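Heads up: the sequence lines are chains R and L, in that order. For reference, each letter of the first sequence is one residue, going 224 to 334 in my numbering. For reference, each letter of the second sequence is one residue, going 347 to 458 in my numbering.
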Amino acid sequence: SQTIHQWPATLVQPVGSPLSLECTVEGTSNPNLYWYRQAAGRGLQLLFYSVGIGQISSEVPQNLSASRPQDRQFILSSKKLLLSDSGFYLCAWSGSTDTQYFGPGTRLTVL
Amino acid sequence: SQQGEEDPQALSIQEGENATMNCSYKTSINNLQWYRQNSGRGLVHLILIRSNEREKHSGRLRVTLDTSKKSSSLLITASRAADTASYFCAPRGENQGGKLIFGQGTELSVKP
Numbered sequence: 224s225q226t227i228h229q230w231p232a233t234l235v236q237p238v239g240s241p242l243s244l245e246c247t248v249e250g251t252s253n254p255n256l257y258w259y260r261q262a263a264g265r266g267l268q269l270l271f272y273s274v275g276i277g278q279i280s281s282e283v284p285q286n287l288s289a290s291r292p293q294d295r296q297f298i299l300s301s302k303k304l305l306l307s308d309s310g311f312y313l314c315a316w317s318g319s320t321d322t323q324y325f326g327p328g329t330r331l332t333v334l
Numbered sequence: 347s348q349q350g351e352e353d354p355q356a357l358s359i360q361e362g363e364n365a366t367m368n369c370s371y372k373t374s375i376n377n378l379q380w381y382r383q384n385s386g387r388g389l390v391h392l393i394l395i396r397s398n399e400r401e402k403h404s405g406r407l408r409v410t411l412d413t414s415k416k417s418s419s420l421l422i423t424a425s426r427a428a429d430t431a432s433y434f435c436a437p438r439g440e441n442q443g444g445k446l447i448f449g450q451g452t453e454l455s456v457k458p
């Protein structure tokens with residue numbers, strides 16, 4: 224069966240520090256991968272999606288970047304965090320159907 | 347890309363009552379999905395209804411789709427305290443690829 228992992232679960236970082244969040248998927252090949260951010264515990268904002276290794280589409284211009292170095296690995300990064308980067312970051316994957324499967328999320332607090 | 351808008355933003359009911367949440371969208375769709383999110387957790391897929399379907403059931407869930415009105419509804423019957431969560435719809439527009447654009451969701455509170 225397929226599983227999706229995210230780490231860390233929680234993170235507290237100072238403004239101006241770098242960020243690296245990792246997402247890995249097991250049990251499937253060539254998944255579509257997505258990064259979302261959820262602020263204030265409500266709506267999700269699609270940040271990046273990837274249909275294959277090295278193929279990244281950015282949905283919203285901002286302080287973040289994404290990379291997909293391996294088929295089932297998706298990384299969200301920042302060189303210098305801003306206060307506004309605080310939020311709940313969710314990774315998701317989809318396969319041959321339209322259903323997306325979400326990871327447990329990373330709670331990021333930027334101080 | 348297509349985004350759904352859920353209504354109401356918040357709903358509070360007693361255990362045993364039915365809960366109805368609505369979703370509206372703007373352009374033609376291939377399908378529409380509903381997801382649930384418990385506080386502090388990832389989203390969980392509930393049900394997918396295709397554009398040529400009008401109603402679909404899954405356990406205590408009933409989803410309807412009216413493409414002429416560009417709207418969908420999610421009905422949870424005989425609600426339980428464990429149904430307390432946020433519910434999101436995600437319409438998939440034509441030529442949207444695999445991307446889903448989620449709205450603000452409906453926050454459902456079921457009181458025991």
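Beta carbons are placed, not taken as given, at the ideal position from N, Cα and C, and that holds for glycine. A quick note: this is a predicted structure, and the numbers were derived from the prediction, not measured.
Proximal chain L residues relative to residue i, where beta-carbon distance stays under 9 Å
i: R:Phe-325; result: Tyr-381, Gln-383, Arg-387, Gly-388, Leu-389, Val-390, His-391
Within chain L, partners of residue i - CB distance below 8 Å
i: R:Ser-309; result: Here the premise fails: no neighbours, minimum Cβ distance about 15 Å.
i: R:Ser-317; result: Gly-444
Beta-carbon contacts of residue i that lie in its chain and below 7 Å, excluding the five residues immediately before and after
i: R:Ser-309; result: Leu-331, Thr-332, Val-333
i: L:Glu-361; result: Ser-425, Arg-426, Ala-427, Val-456, Lys-457, Pro-458
i: R:Pro-231; result: Thr-329
i: L:Ile-422; result: Asn-364, Ala-365, Arg-406, Leu-407, Asp-429
i: R:Thr-247; result: His-228, Arg-295, Gln-296
i: R:Leu-304; result: Gln-236, Val-238, Gly-239, Ser-240, Leu-242, Val-333
i: R:Gly-275; result: Asn-253
When the options are compared against residue i, the one with the closest alpha-carbon
i: L:Ser-425; options: L:Tyr-371, L:Gly-386, L:Leu-392, L:Val-456; result: L:Val-456
i: L:Arg-406; options: L:Asn-364, L:Glu-453, L:Gly-451, L:Thr-452; result: L:Asn-364
i: L:Lys-415; options: L:Arg-408, L:Gln-379, L:Asn-368, L:Leu-357; result: L:Asn-368
i: L:Asn-377; options: L:Gln-349, L:Ser-432, L:Pro-354; result: L:Gln-349
i: R:Pro-254; options: R:Leu-305, R:Gln-296, R:Lys-302, R:Phe-311; result: R:Gln-296
i: R:Glu-249; options: R:Ala-263, R:Leu-269, R:Gln-225, R:Leu-270; result: R:Gln-225
i: R:Thr-320; options: L:Thr-452, L:Arg-396, L:Asn-384; result: L:Arg-396
i: L:Leu-389; options: L:Asn-398, L:Ser-417, L:Ser-432; result: L:Ser-432
i: L:Gln-442; options: R:Leu-244, R:Ser-280, R:Thr-233, R:Glu-245; result: R:Ser-280
Distance, residue j Cα to residue i Cα
i: R:Tyr-170; j: R:Glu-282; result: Residue 170 of chain R falls outside the range modelled here, since chain R spans only 224 to 334, and no answer is possible.
i: R:Leu-256; j: L:Thr-430; result: 28 Å
i: R:Leu-242; j: R:Leu-313; result: 15 Å
i: R:Gln-278; j: R:Gln-293; result: 11 Å
i: L:Leu-357; j: L:Thr-366; result: 9 Å
i: R:Leu-287; j: R:Leu-299; result: 7 Å
i: L:Gly-386; j: L:Glu-401; result: 30 Å
i: R:Ser-307; j: R:Gly-326; result: 22 Å
i: R:Ser-252; j: L:Ile-359; result: 42 Å
i: L:Lys-372; j: R:Ala-315; result: 25 Å
i: R:Val-235; j: R:Ser-301; result: 14 Å
i: L:Thr-410; j: L:Trp-380; result: 11 Å
i: L:Ile-375; j: R:Ala-263; result: 29 Å
i: L:Leu-392; j: L:Arg-382; result: 7 Å
i: L:Phe-434; j: L:Asp-353; result: 10 Å
Residues of its chain near residue i, where Cβ-Cβ distance is below 6 Å and the 5 sequence neighbours each way are ignored
i: L:Glu-351; result: Ser-370, Gly-449
i: R:Ser-317; result: Asn-255, Gln-323
i: R:Thr-233; result: Arg-330
i: L:Glu-453; result: Ala-356, Ser-432
Close beta carbons around residue i, own chain, < 8 Å, minus the five adjacent residues each side
i: R:Leu-267; result: Tyr-259, Arg-260, Gln-261, Leu-313
Where residue i meets chain R, residues with beta-carbon distance less than 7 Å
i: L:Asn-377; result: Asp-321
i: L:Arg-438; result: Asp-321
Within chain L, the residues that residue i reaches when beta carbons sit closer than 7 Å
i: R:Leu-331; result: Neighbours of R:Leu-331 on chain L: none; closest Cβ ~13 Å, over 7 Å.
i: R:Gly-250; result: Correct list: empty, because the minimum Cβ distance to chain L is about 16 Å.
i: R:Gly-266; result: Phe-448, Gly-449, Gln-450, Gly-451
i: R:Gly-277; result: Residues of chain L passing the Cβ test: none, with the nearest at roughly 17 Å.
i: R:Tyr-312; result: None at all; the shortest Cβ gap to chain L is about 10 Å.
Proximal residues of chain R, C-beta to C-beta of residue i below 8 Å
i: L:Ile-395; result: Going along chain R, no residue has its Cβ under 8 Å from L:Ile-395, so there is no contact; the nearest lies around 11 Å.
Closer than 9 Å to chain A by CB, residue i
i: L:Asn-376; result: This model lacks chain A altogether; the protein chains it does include are R and L.
Please go through the region 278-307 of chain R and give each complete beta strand (DSSP E) segment of 3 or more residues, from N-terminal end onward. 278-281, 288-293, 296-301
Continuous beta strand (DSSP E) assignments of at least 3 residues falling wholly in the region 368-397 of chain L: 375-383, 389-396
Kindly provide the ranges of any beta strand (DSSP E) runs that are 3 or more residues long and lie completely inside the region 409-437 of chain L, ordered along the chain. 417-422
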